[in-house]
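According to our numbering, the sequence shown is numbered sequentially starting from 54. Ideal placement from N, C-alpha and C gives every residue a C-beta, glycine not left out. Only a predicted model underlies this, so the values are computations on that prediction, with no experimental measurement involved.
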Amino acid sequence: MNQIRFTTVAIALIITLVILLSGYKLYDKYYVGNSLQETINQIVETEDIKIAKQETHPTVYIRSSEIKNLQTVYQKTAEVVHQKLGPEFRIVFMDERTEKLSSLYEKSSFVIQEGIATGKFQEMHKRVQELADAEDVKCHLTMDSFNIYLELNDNQGYLYEVIPCQSQLGEQEKPGSEAN
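Right under this line is the structure:
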């Protein structure tokens, strides 16, 4: 008699878990995923959106054809993603990089990091623009208090980078901090 009850309880528990997990998967895929895609599509026309929750830093990958103003699109998209999924999610705009754009970004990254470290943002903007002009690449560089937004376009591809403005050093690594 006890064996029958135990078996019945175990089967009921397994069925309940399967139903709950299936319901969660459907909710996550159709309600959260589709709702997020519809809302982001109102901000910028997207080709694809992938939500990677299992990564070290949960990330929303967005593929869009050319974005006209990366800063505005990123800020509005970040607001939507953080409301629907939480502040731990990063946002990455997938681009169509050419070798030329990747090379220019590598050169520009030194100038950008120097600008972040020294606070000489006007000089950084001027030098990045000069590098882009020398390569015959359209460059749009903007910033706010949190990020620097870089858009490069060479008519064969486009590159989007959002670079955090915060120092790359942790508090304990900063010269003069109490941890030293």
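The Cβ-Cβ distance between I115 and F163 does not fall below 8 Å. Looking from the CA of E119, the closest CA among P111, L89, T99, I165 belongs to T99. Residue state for D101 is assigned as strand, using DSSP reduced to three classes. The beta carbon of F142 sits closer than 6 Å to the beta carbons of P111, V113, V134 from its chain, once the five residues preceding and following it are set aside; these are given in chain order. Ranked by how close their Cα comes to the Cα of D101, the residues L89, Q107, E108 have L89 in first place. Straight-line measurement puts the Cα of Y211 at about 6 Å from the Cα of D148. Within a 10 Å sphere around the beta-carbon of Q124 sit 16 or more other beta-carbons, which makes this residue buried.
For T125, the enclosing alpha helix (DSSP H) stretches over residues 123–137.
Inter-residue distance for Q182 and S117 is about 24 Å (C-alpha atoms, whole angstroms).
Partner residues in the beta bridge of V215, as assigned by DSSP, are Y202.
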